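Q: Before anything else, here's the structure in question.
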Amino acid sequence: ETGVTQSPTHLIKTRGQQVTLRCSSQSGHNTVSWYQQALGQGPQFIFQYYREEENGRGNFPPRFSGLQFPNYSSELNVNALELDDSALYLCASSPVGDYGYTFGSGTRLTVV
Amino acid sequence: SQQGEEDPQALSIQEGENATMNCSYKTSINNLQWYRQNSGRGLVHLILIRSNEREKHSGRLRVTLDTSKKSSSLLITASRAADTASYFCATGPYGATNKLIFGTGTLLAVQP
Chain A
1 ETGVTQSPTH LIKTRGQQVT LRCSSQSGHN TVSWYQQALG QGPQFIFQYY REEENGRGNF
61 PPRFSGLQFP NYSSELNVNA LELDDSALYL CASSPVGDYG YTFGSGTRLT VV
Chain B
113 SQQGEEDPQA LSIQEGENAT MNCSYKTSIN NLQWYRQNSG RGLVHLILIR SNEREKHSGR
173 LRVTLDTSKK SSSLLITASR AADTASYFCA TGPYGATNKL IFGTGTLLAV QP
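Residue numbers (this note's numbering), protein chains in the order written: chain A, 1 to 112; chain B, 113 to 224.
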């Protein structure tokens, strides 16, 4: 098992810019989810992808979008960055069903 | 929005002591999971308990679930300095997605 890897680990962007975060799922996991974690808070669900289709979305605006590729890797795109988008972004993969998630180490995004 | 709340928000104990953290949630669940997070990085899955289970063990971890009270507890026995981390409960999955809704976390400090 290779686990979940995310890139980059840290990123600084200017308000109004766009950002793409990347995630490689654990081998054998066909579901990938993205979470946003503000400082001192629990992770908040952004959306989930299964078989390259969005399969559930949290309370995030459309400027948060994503993709899942045939190899189950994934991207999170955020347009028109706002200061409040500064957070740790976590990618998690899982098999379908009643299983725990495997999380990546996250991308720390700072918007200035 | 957060589904659950952990209690206490912070806990400081001596090495060798037991640590107990509690989690309360609001809606019906299929399962409840506990995760550990070191220094604001990725989350590590600890244990999953299904809604029809009342107690589960994994090594030094013991989890209980009371669906009538919508609460769970995590007990770490014989704690070690390496157990110092934030601990989150998460409930799910919901509907067709595997999304998890996380609590606010308990910060555990184990003093050597």
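C-beta: ideal position from N, C-alpha, C; glycine also. Just so it is clear, the structure is predicted and the values come from calculations on it, not from any experiment.
Specify the secondary structure class of residue 83/A as computed by DSSP and reduced to three states.
A: Position 83 of the first sequence, counted from the start, is the residue given in the question as residue 83/A. Note: residue 83/A maps to helix in three-state DSSP.
Q: Taking 8 Å as the CB-CB limit, is residue 100/A close to chain B?
A: Working through the first sequence from its first residue, we reach residue 100/A at position 100. Yes, residue 100/A lies at the interface with chain B (some Cβ there is under 8 Å from its Cβ).
Q: Between residue 88/A and residue 193/B, what straight-line distance do the alpha-carbon atoms span, to the nearest angstrom?
A: Locating residue 88/A in the first sequence gives position 88, where the first residue counts as 1. Locating residue 193/B in the second sequence gives position 81, where the first residue counts as 1. When rounded, the distance between both Cα atoms is 25 Å.
Q: Apart from the five residues just before and just after residue 33/A, which ones in its own chain have a Cβ nearer than 6 Å to its Cβ?
A: For the purposes of this step, residue 33/A is taken as residue 33 along the first sequence, with counting starting at 1. Counting only Cβ-Cβ distances below 6 Å, and skipping sequence neighbours, we find 48 and 92.
Q: If you follow the beta strand (DSSP E) that residue 145/B is part of, which residue opens it and which one closes it?
A: In the second sequence, counting from the first residue as 1, residue 145/B sits at position 33. Its beta strand (DSSP E) spans residues 143-149.
Q: So, helix, strand or coil for residue 92/A, using DSSP?
A: Indexing the first sequence from 1 puts residue 92/A at position 92. Of the three classes helix, strand and coil, the one that applies to residue 92/A here is strand, per DSSP.
Q: If we ignore side chains and look at the alpha-carbon of each, how far apart do residue 35/A and residue 74/A end up?
A: For the purposes of this step, residue 35/A is identified with residue 35 of the first sequence, where counting begins at 1. For the purposes of this step, residue 74/A is identified with residue 74 of the first sequence, where counting begins at 1. So the two alpha carbons sit approximately 13 Å from each other.
Q: Since residue 164/B meets chain A, which of its residues come closer than 9 Å, beta carbon to beta carbon?
A: For the purposes of this step, residue 164/B is taken as the residue at position 52 of the second sequence. Residue 164/B does not reach chain A, its nearest Cβ partner there being about 11 Å away, counting only Cβ pairs nearer than 9 Å.
Q: What does a CB cutoff of less than 6 Å around residue 12/A pick up in its chain, not counting 5 residues either side in sequence?
A: Stepping through the first sequence from its first residue, residue 12/A is reached at position 12. Excluding residues within five positions, the ones whose Cβ falls inside 6 Å are 110.
Q: Just checking: is the beta-carbon of residue 106/A within a distance shorter than 8 Å of some beta-carbon in chain B?
A: Looking up residue 106/A in the first sequence gives position 106. With 8 Å as the cut-off, residue 106/A counts as an interface residue toward chain B.
Q: Taking the alpha-carbon positions, what's the residue 96/A to residue 25/A distance?
A: Translated into the one-based positions of the first sequence, residue 96/A becomes position 96. Translated into the one-based positions of the first sequence, residue 25/A becomes position 25. Roughly 13 Å separates the two Cα atoms.
Q: Chain B partners of residue 31/A, CB-CB under 8 Å?
A: By one-based count along the first sequence, residue 31/A stands at place 31. Neighbours of residue 31/A on chain B, chain order: 210.
Q: Determine the burial state of residue 211/B: buried for a count of at least 16 other Cβ atoms within 10 Å of its Cβ, exposed for fewer.
A: For the purposes of this step, residue 211/B is identified with residue 99 of the second sequence, where counting begins at 1. By the 10 Å Cβ count, residue 211/B comes out buried.
Q: Report the neighbours of residue 152/B on chain A: residues whose CB is nearer than 9 Å to its CB, in chain order.
A: Along the second sequence, one-based indexing puts residue 152/B at 40. Ordered by position in chain A, the residues that pass the 9 Å Cβ test against residue 152/B are 37, 39, 88, 106 and 108.
Q: Using a Cβ cut-off of 8 Å, pull out every chain B residue sitting near residue 103/A, in sequence order please.
A: Here residue 103/A is taken as the residue at index 103 of the first sequence, counted from 1. Near residue 103/A (Cβ distances below 8 Å), the residues of chain B are 147, 154, 155, 156 and 157.
Q: Tell me where the beta strand (DSSP E) around residue 129/B begins and ends.
A: Numbered from its first residue, the second sequence carries residue 129/B at position 17. It is not in any beta strand (DSSP E) - residue 129/B carries neither H nor E in the DSSP assignment.
Q: What residues are listed by DSSP as bridge partners for residue 167/B?
A: Position 55 of the second sequence holds residue 167/B. Answer is 176/B.
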